Each structure stands twice: as C-alpha cells, then as structure tokens.
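A short write-up of the structure that comes next.
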Amino acid sequence: MQKDENFSEWYDRVLLEAQIVDDRYPVKGFSVYLGWGFSIAKRIVQMLEERLEEEGHQPMQFPVVIPEDAFQKEAEHIAGFAGEVFWITHAGENRLERRLLLRPTSETAIYPLFKIWIRSHADLPLRMHQTCNVYRYETKATRPLYRGREFLWNEAHTAHVDYEGAERQVRKGVEIYRSVYDRLGLSYLLLKRPDFDKFAGAVYSLAFDTWNPDGKVNQIGTVHELGENFARAFDVTYEDEKGVQRHVSTTCYGMGIGRTLAATIAHHGDDHGLVLPPVVAPKQVVIVPIPFKGSEEAVAAYSREIEARLSGAGVRVVLDDDDRLRPGEKFYKWEMFGVPVRIEVGPREVEERSATLVRRDTLERSKAELDGLIDAVRRLFDDIYRSLRERSWRRLEEEIAEADSLDQLRAYMEERRIVKVNWCGDPDCAFKLKDEVAGEVRGTLWERREEPTGPCIVCGDAAKEVAYVSRTY
Ligand SMILES: [Zn+2]
Numbered sequence: 009m010q011k012d013e014n015f016s017e018w019y020d021r022v023l024l025e026a027q028i029v030d031d032r033y034p035v036k037g038f039s040v041y042l043g044w045g046f047s048i049a050k051r052i053v054q055m056l057e058e059r060l061e062e063e064g065h066q067p068m069q070f071p072v073v074i075p076e077d078a079f080q081k082e083a084e085h086i087a088g089f090a091g092e093v094f095w096i097t098h099a100g101e102n103r104l105e106r107r108l109l110l111r112p113t114s115e116t117a118i119y120p121l122f123k124i125w126i127r128s129h130a131d132l133p134l135r136m137h138q139t140c141n142v143y144r145y146e147t148k149a150t151r152p153l154y155r156g157r158e159f160l161w162n163e164a165h166t167a168h169v170d171y172e173g174a175e176r177q178v179r180k181g182v183e184i185y186r187s188v189y190d191r192l193g194l195s196y197l198l199l200k201r202p203d204f205d206k207f208a209g210a211v212y213s214l215a216f217d218t219w220n221p222d223g224k225v226n227q228i229g230t231v232h233e234l235g236e237n238f239a240r241a242f243d244v245t246y247e248d249e250k251g252v253q254r255h256v257s258t259t260c261y262g263m264g265i266g267r268t269l270a271a272t273i274a275h276h277g278d279d280h281g282l283v284l285p286p287v288v289a290p291k292q293v294v295i296v297p298i299p300f301k302g303s304e305e306a307v308a309a310y311s312r313e314i315e316a317r318l319s320g321a322g323v324r325v326v327l328d329d330d331d332r333l334r335p336g337e338k339f340y341k342w343e344m345f346g347v348p349v350r351i352e353v354g355p356r357e358v359e360e361r362s363a364t365l366v367r368r369d370t371l372e373r374s375k376a377e378l379d380g381l382i383d384a385v386r387r388l389f390d391d392i393y394r395s396l397r398e399r400s401w402r403r404l405e406e407e408i409a410e411a412d413s414l415d416q417l418r419a420y421m422e423e424r425r426i427v428k429v430n431w432c433g434d435p436d437c438a439f440k441l442k443d444e445v446a447g448e449v450r451g452t453l454w455e456r457r458e459e460p461t462g463p464c465i466v467c468g469d470a471a472k473e474v475a476y477v478s479r480t481y
C-alpha cells in the first residue's frame, strides 16, 4: 500500500481499515465518523477547546437553524454563501411562513444575540466558541474529511471596543490555532488570502494551508478580521465611557476538525497505515503477548502486570490477548491503527523482567527493564512526536518551489508542488493564472514580508507581492 505513489487509494483504505470514517452513507457528501476516527477527532476538539477557554472564550451552543431575514443582513456574506445553503421550507405539509436555513457558518445566528447581550463597554470583549456541524452544499467533488456537505468544526466569535482590540484578537486566534497544530506535529503556511478569496464579509482573512501528498493544499483553519462590517449590518453597538453609542469590532475563526484530522493522517501515515502523534492516539501502547508452548500462563500474567503499570501511570494502553489472531496479524492490525508504541512480551521478557518496545514511526526496536518502562515509553512518545513534527516541516519545505515563468509554474503544478511567484496583486492576473496552470493564488505570507525578485509572472508589470500558488481541495 503505497502512500506517496497513490495517495487516493491509500487514503480510502486507511479510512476504512483504521475505522476513521465510512463514506457509504446514502447521502452524497455526508459520512459517518467511526470509533477510532471520532476518538482522535474528539481529542483534537478537546485540545482546542481547552486553549480557547484558557483565553477567555465561553463555550456555547447555538441552534442549527437561522431565519432567512437574519441571514440576509450582511450583503457580501449572503452573496458568498447563498449558493451553498440548505433551506428548510416545510413543517409536514405546511409551508413555513419564514424560511429557515441550516447554518453554513454562524455569524448570522450569533449577531442578533450579540446585539441583545452587548450594552456597554463593560460587556466587552465578548468571546465565545462552539463545536458543531455546519452545512454547505458543495458543488466541487466531495471527499471524506476534506470536503463534505456537513462538516464538524469549531468556530469562535469575538466582539471588541475597537479595531485594535479586534486586531489583537486576530493574533490571539492565530496563536491558539498554531498551538494545536504544533501539538499534532503539523506544518503549515500561514497566508493572508487575496481580497477576492477572503471570507464573505471580512476585512481580511488569514488561513492555515497545509501540504497534502496528492499536491492539493488543505486549508485546516482560518482567522478573520471583520472590522465593523457585521456590527453595522446587525446594528451591534455599545455605550462607551462618554455615553456615545459605537459599533463593536468583531473577529471570527474556524478550525475544520475533519480537515485537521485528514492532515494528521496524511502527514504522518506511511505504507503500513496510520502513524499517530501520541497526544491524540486513542490507544498509545499495545501489548502483544508472544507465548511459546508451556509459557502461556506466565506470559499472560506478565502482560497483565505491564498493562496495569502503564494504565496506572495514565498511559492509554490495550492488551491484545485475542487468541484468534497470531502475533504477526496483531502487529499488522495495530500498525494500521497507528498506535505509537508496541510492547512485545515473550518468555524471555518474563524471565528478564523486561519488555521489547517497537516505535510505530520508524519500527525501531528497543528494550527496557520493567522498572524503567514508564520512563522509556514516555521518552519514546516525545521522540515520536518530535520526529513526526520535523518530518512534516521538512516535507513542506521540499514541496515549495519558485517559478519565474508560466511554463515553469505549469511544470511545477504538474509535479503537484506549492510554488512561489511574483505577482502584481491584480486579481485578473490571478484568474488568468488559474486558467493557464490549474493552480490557485492562495495568498502571501502573513508574518514575514517577502520581496518580489522579478516582474509579475502573468502580466510582466512590476510585482508587489510574492504569492503562493497550488492546487487545492
Ligand atoms: Zn500581473
């Protein structure tokens, strides 16, 4: 099963065999999270929610339906999402007086309540978040976790006394997301999207784009500065210290949980299946007894002793004592599930009071005394995490190329690379580029300005920016 040669086939097989997602639900674009996959997803959600709440975001849960009149308040927003909206028009046989839609994102659900809650500057900043499903009738080809018509995400919404407050929150949102991606060992480009591709209704949008083995960049999170755009549309105001009514400034940010899970699978997995960072692995250690005739009971008892020690130390451990499978079949199975560490226990380990450890990422073997086992396992977790993270960042660097002609860009696009080009900033050049090379201008680096090294790759005029171009999901 070759991941890099045929990612699509590899991915489909891993989703099913490692019980991540079942895509056979009989509605296109909707799929079922399975036990292993949802356990990983929940751990990603938990890491994110903890960070958001540490930073003052209150957990909330808004209704999934939005009334039509609220949705239509912000003109750009409705223009951006209208084509993808699922409408609820009937209750039984009766046509609803007021049509409802399933949230494609929740600004228009949340702002009418912000208007009620926010009275004075003392109510600000207001920060909330929710983990929920959103609904978008995607017309592009759907792909489980990458692009569905229902997807699981976490969205945060914040309101501030002024634009500077919202700007600080944008940076805070970036920092929170970065901390989660970092713990997952994921590399990414943090790009400012070009104006024509920003969130509908935003002042500007930032996005975390990450590489994918098939060359289509995966957007795993976005952070938006909304300025007063939504506050004006929904008339969300507060009274300042001098008694003057002012519009709040707002931000929002969203992390696709499915896409983040997809990136974790795609970055770290190998030809044997999943490779999970220990922090999100539903089981971090699997113990596989390898008994020989006459040693069955001693091996079983010693395996249970190891299990008890590890679980007593807070390690998520499973003892695979299923007699129906041979040890080799168990290795194969747990490698597919990406369990970070395997412990093999035979008569020799029983005699020596030791354990043989195999790390999933490199399949390297090592030995540990029983008394030092917990430390040895923790050290392996750290090593695995660091090595996965380094590999992911190295791969991102390798994916990036630079082109100074359309022919060169086209050749790199065929190699499915991420390509830096000089760009004049004119949207028409970006659209022309898309027609010519099947790649999209994704934006410019947000935190570090890169100086153009030549003229615009499309029109030949002076370039203002260095843009990143790639295929995309
Ligand atoms: Zn140009």
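In my numbering, the protein residues as written are 9 to 481.
Even glycine gets a Cβ: it sits at the ideal position worked out from N, Cα and C.
These numbers were taken from a predicted model, which means no experiment stands behind them.
For residue i: DSSP bridge partner residues
{"i": "CYS486", "result": "As shown, the chain starts at 9 and ends at 481. That puts residue 486 outside it, with no answer to give."}
{"i": "THR147", "result": "None, per the DSSP bridge assignment."}
{"i": "TYR246", "result": "ARG254"}
{"i": "ASP278", "result": "GLY281"}
{"i": "GLU352", "result": "VAL296, THR364"}
{"i": "HIS98", "result": "ARG103"}
{"i": "TRP125", "result": "Answer is none; TRP125 lacks a bridge partner."}
{"i": "ASN226", "result": "THR218"}
{"i": "GLN80", "result": "BP columns for GLN80 are empty, so no partner."}
{"i": "ARG373", "result": "VAL366"}
{"i": "HIS137", "result": "PRO67, ALA164"}
{"i": "TRP431", "result": "GLU473"}
Cβ neighbours of residue i in the same chain (closer than 7 Å, five flanking residues each side left out)
{"i": "PRO221", "result": "LYS11, ASP12, PHE15, ALA274"}
{"i": "ASP469", "result": "CYS432, PRO463"}
{"i": "LEU132", "result": "ILE126, ALA167, HIS168, VAL169, TYR246, VAL256"}
Unbroken alpha helix (DSSP H) run spanning residue i, endpoints
{"i": "HIS85", "result": "83-89"}
{"i": "PRO335", "result": "335-344"}
{"i": "GLU304", "result": "304-320"}
{"i": "LEU414", "result": "414-422"}
{"i": "SER395", "result": "381-407"}
{"i": "VAL323", "result": "From DSSP, VAL323 is part of no alpha helix (DSSP H); its letter is neither H nor E."}
Own chain residues within Cβ distance below 8 Å of residue i, not counting five before or after
{"i": "ARG482", "result": "Nothing about residue 482 can be read from this structure; the chain reaches only from 9 to 481."}
{"i": "THR150", "result": "LYS36, GLY37, GLY156, ARG157"}
{"i": "ILE124", "result": "none"}
For residue i, the first and last residue of its enclosing beta strand (DSSP E)
{"i": "VAL178", "result": "Premise fails: VAL178 lies in the alpha helix (DSSP H), 171-191, not in any beta strand (DSSP E)."}
{"i": "TYR476", "result": "473-480"}
{"i": "ASN237", "result": "No beta strand (DSSP E) contains ASN237, which is instead part of the alpha helix (DSSP H) from 237-242."}
{"i": "GLY451", "result": "448-453"}
{"i": "TYR212", "result": "212-218"}
{"i": "GLU459", "result": "Neither: GLU459 is in no beta strand (DSSP E) and is coded neither H nor E."}
{"i": "LYS50", "result": "Note, LYS50: premise wrong, no beta strand (DSSP E); alpha helix (DSSP H) at 43-62."}
Cα-Cα separation, residue i to residue j
{"i": "VAL93", "j": "ILE74", "result": "11 Å"}
{"i": "PRO34", "j": "GLY91", "result": "23 Å"}
{"i": "ALA78", "j": "ARG240", "result": "13 Å"}
{"i": "VAL161", "j": "GLY262", "result": "Residue 161 is actually Trp in this sequence, not Val. If you take the alpha carbons of TRP161 and GLY262, they lie about 7 Å apart."}
{"i": "ILE184", "j": "ARG59", "result": "6 Å"}
{"i": "GLY322", "j": "VAL349", "result": "15 Å"}
{"i": "TYR212", "j": "THR258", "result": "12 Å"}
{"i": "GLU82", "j": "ASN237", "result": "8 Å"}
{"i": "ALA164", "j": "GLY277", "result": "30 Å"}
{"i": "ILE392", "j": "LEU327", "result": "21 Å"}
{"i": "ALA49", "j": "GLU115", "result": "24 Å"}
{"i": "TYR154", "j": "ILE298", "result": "40 Å"}
{"i": "ARG402", "j": "GLY264", "result": "24 Å"}
{"i": "LEU121", "j": "MET136", "result": "12 Å"}
{"i": "CYS437", "j": "ARG144", "result": "29 Å"}
{"i": "VAL445", "j": "THR113", "result": "31 Å"}
{"i": "ARG312", "j": "ARG394", "result": "30 Å"}
{"i": "ARG2", "j": "ALA130", "result": "As displayed, the chain neither begins before 9 nor continues past 481, which places residue 2 out of reach and without an answer."}
{"i": "PHE159", "j": "VAL142", "result": "6 Å"}
{"i": "HIS280", "j": "MET344", "result": "6 Å"}
{"i": "TRP95", "j": "VAL288", "result": "36 Å"}
Residues of its chain near residue i, where Cβ-Cβ distance is below 6 Å and the 5 sequence neighbours each way are ignored
{"i": "LEU381", "result": "ALA363"}
{"i": "GLN227", "result": "ALA215, ASP217"}
{"i": "GLU422", "result": "none"}
{"i": "THR139", "result": "VAL53, ASN162"}
Neighbour-count burial assignment, residue i, 16 or more Cβ in a 10 Å radius
{"i": "HIS85", "result": "buried"}
{"i": "GLY64", "result": "exposed"}
{"i": "THR268", "result": "buried"}
{"i": "SER400", "result": "buried"}
{"i": "LYS301", "result": "exposed"}
{"i": "TRP44", "result": "buried"}
{"i": "TYR171", "result": "exposed"}
{"i": "SER128", "result": "exposed"}
{"i": "GLN177", "result": "buried"}
{"i": "MET68", "result": "exposed"}
{"i": "SER39", "result": "buried"}
{"i": "PHE204", "result": "exposed"}
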